[in-house]
Ligand code: SAH
Ligand code: SF4
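Numbering (this note's numbering), first residue to last: 89 to 430.
Encoded structure:
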C-alpha cells in the first residue's frame, strides 16, 4: 500500500477534490502529519470518521516497523533498524551532540556501489526507498524528540544507500520535509553525501539548491580510489573534482570531502600531500574519520598520531581538515553495520 508520506500537499489536495471533500481537509491532515507527528489514521479526530476510514483503506501510516534499537554506552547515539512493508531492512541513527540532534538516514535498502570497506556496499543493492520511506525516518525521530520537547536540528543522507542513485525520491523527500506549511525543515540543514556520481552532481549544481553536499573521496590517486570505490573507474578523480568545482561556482557553497582513514592505506603523508594539491584553491573542507572496520574488509582504523599528521599536512597547504570521532562505535553505528549483522 502507498504511504501517506509519499504524498506532497498538492497531491493530497487533488485527492480530497477527487474524493469530494473540501480542499481544507488536505491542510488539516498535512498539519497533523508534519506538525503533530500523528502516525495512525485513528488519531485524526479533526476530520470526519468517514474520511479517516477512507484514508486508512487507501494509505499506510506506519512505514517503518522498529526491529532493533540500540543506545550507545554514553547514551548520545540511538540506532534503529527498521523493517519496511516488504520486509527489507534499513537503518537510521540519531546523534546527540551539544545542542545538535543530527539524524543520519537511508536512501536505499542496500547499495549498488560496492565500496569495499562499507557494510552496506558489501550486502549489495536491494531497492530504492520511496520518498515517503525517506520522510518517515525523519518523522519517526521527530516524534521521539518531540516527546522530550526537543527537535531534529540536522539531517544527513549518510545511512544506507547512495542518495544520487535514487535522486528523484531523495530530493522529493527533502522538498516535502522543507514545505513551510508542513515540517518546514530548512534546506541548509540537510546534507547529501555521494560517492561521486558525476552527472547527478552536475544536475544538483544546476538546481542551485541550499542543501549541503559531501563527497566521499577517500583516496587521492585513481588507482587507490578505484581499488576502494569501484565507481571511480567510471568517474575518475579529475572528472569528479571538475563537477565539484561546477557545484561551488553555481552555488557559492563550500563542499565537504569525506575521508575514512585506513591504517597504512590512505592515511599516509603522500596521500595527504596529493590530496592537498588536488584541492588547492577550492572552497572546501576535509572531514576525516577513522575507518569503522567491517567484516568483509581487512583494513583497520588509523591511529590518532597518523590522523593528526594527515591533518597537519593538509593544513600546511591551507586545506581545512577536521578529524571526527567515531560516535556510537559500540552500537555498530557505521553505515549498514547493524543491518548486515542482523
Ligand atoms: N552512499 C553515500 C552515503 C552513505 S555512506 C556515500 O558513500 O557518500 C556515508 C559515509 O560513510 C561515506 O562517506 C562512506 O564512504 C562512509 N563509510 C562507509 N563505510 C564506512 C566505514 N566502514 N568506516 C568509515 N566510514 C565509512
Ligand atoms: Fe554505497 Fe556509500 Fe557504502 Fe559506497 S560508501 S557502498 S556508495 S553506501
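Just so you know, even glycine gets a beta-carbon here, dropped at the ideal spot from N, CA and C.
Three-way DSSP call (helix, strand, coil) for residue i in this model
i	result
residue 90	coil
residue 213	strand
residue 202	coil
residue 118	helix
residue 127	coil
residue 430	Residue confidence for residue 430 is low, a pLDDT of 46 falling below 50, so the modelled location carries little weight and cannot support an answer.
residue 300	strand
residue 190	strand
residue 406	coil
residue 359	helix
residue 109	coil
residue 226	helix
residue 371	coil
residue 248	coil
residue 101	helix
residue 132	coil
residue 148	strand
residue 273	coil
residue 265	helix
residue 412	coil
residue 168	strand
residue 353	coil
residue 282	strand
residue 320	helix
residue 379	coil
residue 329	helix
residue 95	coil
residue 385	coil
residue 401	helix
residue 346	strand
residue 364	helix
residue 315	helix
residue 231	helix
residue 392	helix
Nearest residue (CA-CA) to residue i, options the options
i	options	result
residue 187	195, 242 and 135	242
residue 218	192, 293 and 91	91
residue 168	142, 228 and 209	228
residue 151	93, 197 and 321	93
residue 348	320, 357, 388 and 340	388
residue 178	214, 163 and 161	214
residue 189	180, 285 and 307	180
residue 341	352, 370, 328 and 322	370
residue 192	153, 402, 308 and 166	166
residue 233	173, 100, 319 and 164	164
residue 202	131, 284 and 392	284
residue 324	121, 286, 350 and 344	286
residue 89	174, 100 and 328	174
residue 328	352, 282, 361 and 113	282
Cut-off 7 Å between Cβ atoms - residues of its own chain near residue i, not counting five sequence neighbours on either side
i	result
residue 278	243, 262, 299 and 300
residue 265	223, 226, 271 and 273
residue 129	140, 143, 144 and 149
residue 403	409
residue 147	89, 90, 91 and 92
6 Å CB neighbourhood of residue i in its chain, flanking five on each side removed
i	result
residue 346	302, 304 and 375
residue 231	125
residue 221	151
residue 255	288
residue 159	166
residue 405	364
residue 394	355
residue 350	379 and 387
Cβ shell of residue i (< 8 Å), same chain only, five flanking positions each side left out
i	result
residue 248	178, 179, 194, 195, 196, 197, 198, 199, 208, 423, 424 and 427
residue 430	Reliability of the predicted coordinates at residue 430 is poor, the pLDDT of 46 falling under 50, and the value obtained from them is presented with this limitation in mind. The residues are 155, 156, 169 and 177.
residue 96	260, 263, 264 and 267
residue 276	298, 299 and 300
Distance cut-off 7 Å: residue i Cβ against heavy atoms of the ligand FMN
i	result
residue 382	What this structure holds is the ligand SAH and the ligand SF4, not the ligand FMN.
Q | Stretch pair the region 179-197 + the region 237-256: three plus CB contacts closer than 8 Å | A | yes
Q | Inter-stretch contact (C-beta, 8 Å, three-pair minimum) for the region 373-387 and the region 203-220 | A | yes
Q.
Taking 5 Å as the limit, name every residue whose beta carbon sits nearer than that to some heavy atom of the ligand SF4, in sequence order.
A. 199, 201, 203, 206, 208, 209, 250 and 283
**Q.** Stretch-stretch touch, CB-based, cutoff 8 Å, three pairs: the region 139-150 with the region 109-127
**A.** yes
Q) Is the number of C-beta pairs between the region 327-340 and the region 280-294 that are closer than 8 Å three or more? A) yes
Q. Is the region 307-319 close to the region 265-281, with three or more CB pairs under 8 Å?
A. no
Q.
Below 8 Å, how does it come out for the region 353-363 and the region 388-399: are there three or more Cβ pairs, yes or no?
A. yes
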